[in-house]
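Accompanying notes for the structure given below.
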Amino acid sequence: MDRRSPMTSRTTTEPAVNLDAIEEPAVRPTEAADADESPLNLHLQQLAYVRALERWGTATEAAGRLQVSQSALSQSLSQLERRLGVPLLERDGRRRQLTEAGREVARFAGETLARAGALRDWLDAYAEGRAGTLRVGMIDAASLYALPSAIRAFRESHPEVQLELVVDRSGVLLERLGRFELDLAFVVGPATPEFDAVEVLREPLYLYAPPGTTEEPADGEWVLYPPGRQTRRSFDAGLAARGIWPRISLESDYPAGLGQMVARGLGWSVLPEGVVEGVSPELAASRREQIAERTLLAARRAQSPPDARAEAFLRLVMEREGGS
6 MDRRSPMTSR
16 TTTEPAVNLD
26 AIEEPAVRPT
36 EAADADESPL
46 NLHLQQLAYV
56 RALERWGTAT
66 EAAGRLQVSQ
76 SALSQSLSQL
86 ERRLGVPLLE
96 RDGRRRQLTE
106 AGREVARFAG
116 ETLARAGALR
126 DWLDAYAEGR
136 AGTLRVGMID
146 AASLYALPSA
156 IRAFRESHPE
166 VQLELVVDRS
176 GVLLERLGRF
186 ELDLAFVVGP
196 ATPEFDAVEV
206 LREPLYLYAP
216 PGTTEEPADG
226 EWVLYPPGRQ
236 TRRSFDAGLA
246 ARGIWPRISL
256 ESDYPAGLGQ
266 MVARGLGWSV
276 LPEGVVEGVS
286 PELAASRREQ
296 IAERTLLAAR
306 RAQSPPDARA
316 EAFLRLVMER
326 EGGS
């Protein structure tokens, strides 16, 4: 699939030009002289007039096709000649023909109008969320079971959008979101005030025992998230309230890896149920009581303008998770 920007695409299709939408840019009186002398001060409307004259042969026909008066067309072409400093037209009896310079300007006009039309089409698609790039960050637990179906649905419904996915821990994702490196991040709450956050789901965190263990949780080894992580903070208080001060033998930010360690008998842990279901039936069967709960949030920068791609992606996630 060709995802090139319209600014770099080489298209030869000439789109229809809506002259009503093309306005001469406002120029302050103090700038008028400099503007008239600039060889690069070309307006799309003037280029459209030159292209029309080449295409339809006469000023009368060109003006009629463009639905403008012949005098307006002639005045605009005369102004363009003054700006460029070369004659674009010469008389052939009652007709006016393009000079060699005029034909070169007409060729340039055709290419420029085609690219302007392509840019307009791309901007319309971008505004509607059908083009552009969406950069989504997510914690690995979300990437394992909360978001895959929404990711597939978004790719199917928005094939022209480049979807870029990043998996990391919540703190890193929020930092990258704040640095404009992400457009949307799915993180463990709470979020700080510089972000607008929407609750996606509330996720219970359960105690899981190594299969076949006869030890009590307070006596066994533990494999847990590292200190300082939002998920770790979510269940530290719950363990303390039960008189459990875990003896930690392994720490990891990768929840599926922690689940595998528990399944291999290396220790107890507190994990989201969705992670465990993908590890092994034996581990799922070893689930004990709920220790805590964490909230998965969808976060964006608070001052960001509306983004149709991010809104569409979040809508798909909420439809599947039943959030509000």
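Okay, so the sequence shown: first residue is 6 according to our numbering, each after it adds one. Note that beta-carbon positions come from the ideal geometry of N, C-alpha and C, so glycine has one too.
- Within the segment 146-175, the alpha helix (DSSP H) runs of at least 4 residues that lie entirely inside it are, in chain order, 153-162.
- Among the bridge pairs identified by DSSP, Pro-277 is matched with Leu-210.
- Shown here, Ser-74 sits in coil according to DSSP, grouped into three states, outside any helix or strand.
- Between the beta-carbon of Ala-214 and that of Ser-291 there is about 5 Å, and that keeps the pair under the 8 Å contact cut.
- The segment 312-321 makes no contact with the segment 242-254, as fewer than three CB pairs between them are under 8 Å.
- A distance of 8 Å or more separates the beta carbons of Leu-179 and Val-171.
- In this structure, the CA atom of Leu-263 is about 13 Å from the CA atom of Gly-279.
- DSSP, read as helix, strand or coil, puts Glu-326 in helix.
- If you draw a straight line from the Cα of Arg-293 to the Cα of Arg-299, it is about 17 Å long.
- Val-322 has its alpha-carbon roughly 26 Å from the corresponding atom of Ile-296.
- Membership of Glu-95 in the beta strand (DSSP E) is indicated by the continuous run 94-97.
- A contact between stretches requires three or more CB pairs, one per stretch, nearer than 8 Å, and the segment 87-106 fails this requirement with the segment 155-170.
- One Cα belongs to Glu-169, the other to Arg-160, and the distance between them is close to 11 Å.
- The continuous beta strand (DSSP E) containing Val-192 extends over residues 189-193.
- Per DSSP, the continuous beta strand (DSSP E) segment holding Leu-302 begins and ends at 292-306.
- Residues of the same chain with a CB within less than 7 Å of the CB of Ala-57, apart from the 5 flanking positions on each side, are Ala-67, Arg-70, Leu-71 in chain order.
- With distances taken between CA atoms, Ala-151 lies nearest to Glu-208 out of Arg-100, Glu-95, Glu-208.
- Here the alpha carbons of Arg-174 and Val-110 stand approximately 56 Å from one another.
- Partner residues in the beta bridge of Val-141, as assigned by DSSP, are Leu-170, Leu-189.
- About 6 Å separates the beta carbons of Ala-307 and Glu-199, which is inside the 8 Å limit, making them a contact pair.
- Pairing His-48 with Gly-115, the inter-Cα distance amounts to about 13 Å.
- Taking every protein chain shown into account, the CB of Ala-245 has fewer than 16 other CB atoms within 10 angstroms, so this residue is exposed.
- The beta carbon of Glu-282 lies closer than 7 Å to those of Ala-289 in the same chain, with the five residues before and after it left out.
- Cβ neighbours of Arg-140 within its own chain (closer than 6 Å, five residues either side excluded): Glu-169, Leu-187, Asp-188.
- Listed in chain order, the non-local C-beta contacts of Ala-196 below 6 Å within the same chain comprise Ala-202, Leu-302, Ala-304, local neighbours out to five positions each way being set aside.
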